[in-house]
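Keeping their order, the protein sequence lines are chains A and B. Following the working numbering, the numbering of the first sequence begins with 250 at its first residue and continues without gaps. Following the working numbering, the numbering of the second sequence begins with 2 at its first residue and continues without gaps. Backbone N, C-alpha and C fix where the C-beta goes; we use that ideal spot for every residue, glycine too. What you are looking at is a predicted structure, and each value in this text was computed from that prediction instead of being measured.
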Amino acid sequence: VDGARGGVDRVFAALGDAGRRSLVEAVAARGTATATELAAELPVTRQAVAKQLSALADAGLLRATRAGRETRYEVTPEPLEDAVEWMVSVGAAWDERLAALRRSLGDYGKSRDTLQPRRRSRT
Amino acid sequence: MNVEREIVVPEAPDEVWEALTEPERLEEWFATEVELDARPGGEGVFRWGDGDERRAVVREAEEAERLVLDWDDGGSVVLELEPVVGGTRVHVVESSPEYAPALELHALSLEASEARPPTPAGKTAPPQAALAWTALAAA
């Protein structure tokens, strides 16, 4: 769980910046993109875009492949898998807890019934 | 992103409420060591055997009905009790705001990969991830 959370924290930090987020969205919408292509449609320089893309690739949100003189980026699905892992592990924890709650309520009822006159709170 | 669970127990809501709010009762099912002041604004500390510790503040506490805890990591848990025939329905929603951006982005990238004709060199999201997203959307 810690590993998954660490990965997601990194993703979250990378997406904390609205500019970076819109950049990832632009890559996602295009499928793949280069800094030049994105800079052509965004009000930022190619250099600024290239820098942000590289940071997003470091965070694991984008996958970089060299294409000639340029680097082409695409969105990676792994951060989502971390989120799914979180969901599965938190879900499993609640399954266990609720089963334990059910047992605990039953045990508590039994011990109370043996110590005190039987009391039903539902009448 | 939310994780949601529900069970029905034979006890009445007020009995379940005690198990949700009294520290010594919480130690029987929720965590190994519990401190909790189950009033709005009250604080809670939950420790587990593996050394894990989580802190929370009580956002809402409506006796025998609803308990909401805000975790210090930004997440929250909502526990709701509802009287039903034969006992009480216990409904739990644990949420983490951190996952929402990642999920939205992934939905976008899947839409993009579906809208795109497959190219020989082009890689789209693997089917496994697509399945995971479908499962989430259905949850």
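Against chain B, a Cβ distance below 7 Å from Val339(A) picks out Val4 and Glu95.
Annotation for Asp15(B): the continuous alpha helix (DSSP H) segment containing it runs Pro14 to Thr22. Within the DSSP secondary-structure output, Glu7(B) pairs in a beta bridge with His92(B). Comparing alpha-carbon positions, the option among Val9(B), Asp15(B) and Val35(B) lying closest to Glu64(B) turns out to be Asp15(B).
Chain A places a beta carbon closer than 8 Å to that of Ala20(B), counting this residue as a contact. In the DSSP assignment, Val46(B) falls within the beta strand (DSSP E) that extends over Glu44 to Arg48. Our two residues, Val324(A) and Leu311(A), have alpha carbons roughly 4 Å apart in a direct line. DSSP places Leu68(B) in the strand class (E or B) of the three-state scheme.
Here Thr285(A) carries a helix assignment [DSSP, helix/strand/coil]. Scanning chain B for C-beta atoms nearer than 8 Å to the C-beta of Arg346(A) yields Trp30 and Phe31, reported in chain order. Cα atoms of Arg321(A) and Ala282(A): separation of roughly 5 Å, rounded to the nearest angstrom. Listed along the chain, the chain B residues whose CB falls inside 9 Å of the CB of Ala349(A) are Glu29, Trp30 and Phe31. Per DSSP, Val86(B) is not a residue of any alpha helix (DSSP H), being assigned neither H nor E.
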